[in-house]
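Going by the working numbering, the sequence shown runs without a break in its numbering and finishes at 1684.
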Amino acid sequence: MSAFDQRNQCIQGNQYNAEQQYFVTYHQPAAPLSARREDLTLPIWHIPFHRNPFFIGREAILSELHTHLKPHTASTPTFSSHAISGLGGIGKTQIAIEYAYRFCNSYDAILWLQVDSPEHLTSSCIKLAFTLNLPEHNEADVEQVIETVRRWLASHSKWLLILDNVEDLNLAEQFLPPGHTGSVLLTTSAQVTEPLAQAHQLDILSEQEGVLFLLYRSGVLPRAGTPEQADPKERLLAKALWEIVEGLPLALEQIGAYIRSSGCNFAHYYTLYVEHRRHYDLLQKPKRFSTLHPASIVTTLTLAFAHVQANNPAAMSLLHICALVHPKKIPEELFLQKQAYLYHNLSSVITDPLKLDEALETLQSYSLILRDPQEKTLSLHRLVHMIAFEMQEKTQQQQYNDTIITILDLLFPNEGHSAWRQCERLLPHVLTCLDETRTTDHLDRTQSLLTKVISYLQQRARYREAIALAQRLLTLLEHTLGTDHPFVAQTLNGLADLYRLQGNYRDAESLYQRAWHIGENISGGLPLPFMVTLLNNWAIVYRIQRKQQEAEQLFRRAFTLLKHARGSDRSLIPYPLQGLAHIYHEQGKYKEAERLYRSAIRIWNRTPGPNALSIASTLTDLATLYSQQGAPEQAEPLYLQALHLWEQANASDHPDAATTFTSLANLYKRQQRYQEAEPLYTHALELRQQILGAEHPHLAYPLVGLANLLLEQEQFEQAQPYYQRALELLEHSFDPYHLEIAYPLMGLAMCSQQQGKYMEAQLLYQRGLAIRQQHLGSKHPDTQHIQEMYTRLLQAMAYDGKAQISDSHRES
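Structure, rendered in structure tokens:
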């Protein structure tokens, strides 16, 4: 039977020839699917799959391919060869099938060959020869059959040949006859296909496309339905599922097919996948759930891994290491630490840049990684990352995990804000590597790495993340070393610092006390600098809560420990002096505070080492003391001197320098030098935002300063957004009743009051008053100031007949 007769038989009877079940030899319409076949011109048709009824999106690449692949006139013969490139399961074959069906009328013949191996190419050519009704299709010499197909391609035009799943580009190149005038479309995992074909890198399905596909494929929405017709909850769950498989079409097909076949819903599948951590099991489900794709995404990627292992074992080892860190933006410097890989089979690759490039090239040839040459990073699809991790043996995971922790500890900086960019670059990989399900035998490396990461997060005011890691480190050390080990004391102190900064003073005080007791009971004690720092921070907790007697005792205790110290330890003496000065400053004992501030400055000036920043900070405190006493002529020169020190130390962009700018602006505001104050506040705000980021709570202080400036000029509506932003920043990082939160609350209350929003102002005053009463007591001047403002509000409300408050609030 000729191919033409066979095609007509299939059309008339709508049959599928059992002998040629792999190949559909009848024509399907371009678009829409409802078009009548008898109205179309039939080409020679040799496509192995039915059209996917759930195909969605991909319009841009289909249009681009047709622009390049549509046949040219005989007078201008043009070689046209293009490739759809991408990760296994990303939909390359489906796009090729859709292209063939959609644009079939542009060609006289549409042909398909499977080219993932020489054997498949041979068998495909034999079947193609049968479809083309070539006399040699029954030849025993398969080389003769292949050559006959090549001659047919060379002697005909207006054909489209799809070479599917090309793994060896040389094999495809050798098969294509030179000088042909047809169009060639390849599907391949290789990212680089030139000069054989121009590559079109395929991306994941967009959110809109992926969600709609899931709704259709699962049967939640009829094929003709619109997204708006689906239940909003179903759309949200479909979006969540699209996110967890990162838009990979084959994974979405499996999800939709599973839901439709099993009769479950999106919520049930999501619970299985996420809450019960059954992702690997679900993604390797047997083919009965999907007739469109007989191989699961796990099978598809595992096959690619097997090819990588066979071609370049070191490349597979690299992929296994990548599976232990975050899948996105993996720094290439992780693979440049030669000493860490000394005992691995990667040692020869790591020490040879050419071999490393070869290993990465192997992974790229299967689109298992993307390499960014500008940022020098590697990225993996989330499912590649997950499956590469799940495939590893536990002993191998442990070995590689210990190696990565060692490398990350070597690379993670231990400096200040100048190294923050590198810290942020490495942070996702540290957090992934230290996942609680993965352990390490190298406690010292883990402790060192965690300590540096916690310090970085603390500097960035990411207190919740830092506390979670500090608690984990504490549990690890207590379990491994016991509850009274020096390392446990150090971790307790660090965790207490975080609680203090977050405003959780009760837990901070408890942990400082516990750490101190460990230090006292250890034979020989803990190092003096640690004990002094602990006492100082513990005293700060008391001072903030206005437990001034307890705070003074601890500062004096720290000073006593240092009085007889020698060497570099004496450089710590200014810290308890400065702490005592703060207490006297707050108590209104200005002469004692001034004396201690000046003593601290004098000692720092005499102590060798880079003390300029400490001196600048203390000069700012001393200047603020003069400013609050109404002595601006003494304060201003000290502020300017502090700014000069910041500049001299090349630290004028240091976040702490913003404190000096803000304090000087406060001085100018008191003097009603508004035009001079505003740029200082603005500069302090920009400085902190640039260095600390837009969400750091320390941005609140210049924001409140700007708001106060506007408030004094009776620009209430303009001041309100600054107060509101400051409040949001503080609430995001601190305890809801942190003392600092009272300042923007009071500003907002005054703005609301001045705008006649009495009920709003009342609630703000009540909260601010409760905070200051809790921390400062009812007799503190700051508390009494809010009480006075609140009383005036109540009087105004009563006068206007708008009082809606309880007697208990009146009495407060």
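All C-beta atoms in this analysis are idealised placements derived from N, C-alpha and C, irrespective of residue type, glycine included.
Quiz item: Who pairs with Trp1031 in a beta bridge, going by DSSP?
Solution: Ala981
Quiz item: How many angstroms separate the CA atom of Ser995 from the CA atom of Leu1074?
Solution: Straight-line Cα distance between these residues: approximately 28 Å.
Quiz item: Looking at Val987 and Ile998, is the spacing between their C-beta atoms short of 9 Å?
Solution: When the beta-carbon positions are compared, Ile998 and Val987 stay at least 9 Å from each other.
Exercise. Rounded to whole angstroms, what's the CA-CA distance from Val1092 to Ala1139? Just pull it up for me.
Key: 12 Å
Exercise. For Gly958, I'd like the list of residues in its chain whose CB is within less than 8 Å of its CB, leaving aside the five on either flank, ordered along the chain.
Key: Lys964, Ser1061, Gln1073, Leu1074, Asp1075 and Ser1239
Quiz item: Quick one: what's Ser957 bridged to in DSSP?
Solution: Paired residues: Thr1060 and Gln1073.
Quiz item: Counting pairs of Cβ atoms below 8 Å between the stretch 1559-1579 and the stretch 1590-1604, do you hit three or more?
Solution: yes
Practice problem: Could you name the residues of the same chain whose beta carbon sits closer than 6 Å to that of Ala1368, not counting the 5 residues immediately before and after it, in chain order? | Solution: Ala1380, Leu1383 and Tyr1384
Practice problem: Quick one: measure Cβ to Cβ for Ile1116 and Tyr1145, integer angstroms, because I've assumed they're closer than 8 Å. | Solution: Going by Cβ atoms, the distance from Ile1116 to Tyr1145 rounds to 6 Å, so yes, they are a contact pair.
Quiz item: In this structure, does DSSP put Thr1663 in helix, strand or coil?
Solution: helix
Self-check item: With 16 other Cβ atoms within 10 Å as the buried cut-off, status of Asp1244
Solution: exposed
Quiz item: Hey, Leu983 and Trp1031: beta-carbon distance below 9 Å or not?
Solution: yes
Quiz item: Taking C-alpha atoms, which residue in Thr1479, Leu1084, His954 and Pro1104 lies nearest to Leu1057?
Solution: His954
Practice problem: Mark Lys1463 as exposed unless 16 or more other C-beta atoms lie within 10 angstroms of its C-beta, in which case mark it buried. | Solution: exposed
Quiz item: Cα separation between Lys1248 and Pro1185?
Solution: Cα to Cα, the separation comes out at about 23 Å.
Quiz item: Taking buried to mean at least 16 other C-beta atoms within 10 Å of its own C-beta, is Tyr1671 buried or exposed?
Solution: exposed
Quiz item: Among the residues of its own chain, which have a CB less than 8 Å from the CB of Asn1483, if the five just before and after it don't count?
Solution: Ser1443, Trp1476 and Asn1477
Quiz item: Given a threshold of 16 other Cβ atoms within 10 Å of its Cβ, counted over all protein chains shown, does Met1618 qualify as buried or as exposed?
Solution: Buried: at least 16 other Cβ atoms inside 10 Å.
Quiz prompt | At least 3 beta-carbon pairs within less than 8 Å: the stretch 1633-1645 vs the stretch 1604-1623 | solution = yes
Quiz item: What span of residues does the beta strand (DSSP E) with Thr836 cover, start to end?
Solution: Nothing can be reported for residue 836: it is not among the residues displayed for the chain, which extend from 873 to 1684.
Exercise. Mind checking which residues open and close the beta strand (DSSP E) that includes Asp1316?
Key: Unbroken run through Asp1316 is the alpha helix (DSSP H), Leu1315 to Gln1331; no beta strand (DSSP E).
Practice problem: Verify whether the separation of the beta carbon atoms of Ser1440 and Gly1396 is less than 9 Å. | Solution: no
Quiz item: Exposed or buried, which one is Glu1118 when buried takes at least 16 other CB atoms within 10 Å?
Solution: buried
Self-check item: Nearest neighbour of Val1170, chosen from Lys1210, Glu1204, Gln1126 and Leu1665 [CA to CA]
Solution: Ranking the options by Cα distance to Val1170, first place goes to Gln1126.
Quiz item: Pick from Arg1372, Tyr1377, Tyr1371 and Asn1365: whose alpha carbon is nearest that of Trp1388?
Solution: Of the listed residues, the one whose Cα sits closest to Trp1388 is Asn1365.
Quiz item: For Met1622, does the count of other Cβ atoms within 10 angstroms reach 16, so buried, or fall short, so exposed?
Solution: buried
Exercise. Evaluate Asn1580 with the Cβ neighbour count: other Cβ atoms within 10 Å of its Cβ, from every protein chain shown; 16 or more gives buried, anything less gives exposed.
Key: buried
Quiz item: Where do the N-terminal and C-terminal ends of the beta strand (DSSP E) with Leu1208 fall, by residue?
Solution: Bounds of any beta strand (DSSP E) do not take in Leu1208, whose DSSP letter is neither H nor E.
Self-check item: Secondary structure of Arg1344, DSSP reduced to three states
Solution: helix
Quiz item: Going by Cα to Cα distance, which pick from Asp1224, Pro1050 and Phe1085 is closest to Leu1068?
Solution: Pro1050
Practice problem: Could you tell me whether any Cβ in chain B is nearer than 9 Å to the Cβ of Leu1536? | Solution: Here chain B cannot be found, since the structure has a single protein chain.
Quiz item: What residue does the beta strand (DSSP E) around Ala1242 start on, and which one ends it?
Solution: Reading the sequence as shown, one finds Leu at residue 1242 and not Ala. For Leu1242, the uninterrupted beta strand (DSSP E) segment begins and ends at Leu1242 to Asp1244.
Quiz item: So who's on the other strand from Val1038, going by DSSP bridges?
Solution: Thr1060
Quiz item: Nearest-angstrom Cα distance between Leu1359 and Leu1515?
Solution: Looking at the sequence provided, one finds Phe at residue 1359 rather than Leu. Phe1359 and Leu1515 have their C-alpha atoms spaced approximately 38 Å apart.
Quiz item: How would you label Ile1394, buried or exposed, when you count the other beta carbons within 10 angstroms and need 16 or more for buried?
Solution: Flag for Ile1394 reads exposed.
Exercise. Assuming Ile916 and Ala981 form a contact by the criterion Cβ under 8 Å, report the distance between their Cβ atoms to the nearest whole angstrom.
Key: 4 Å
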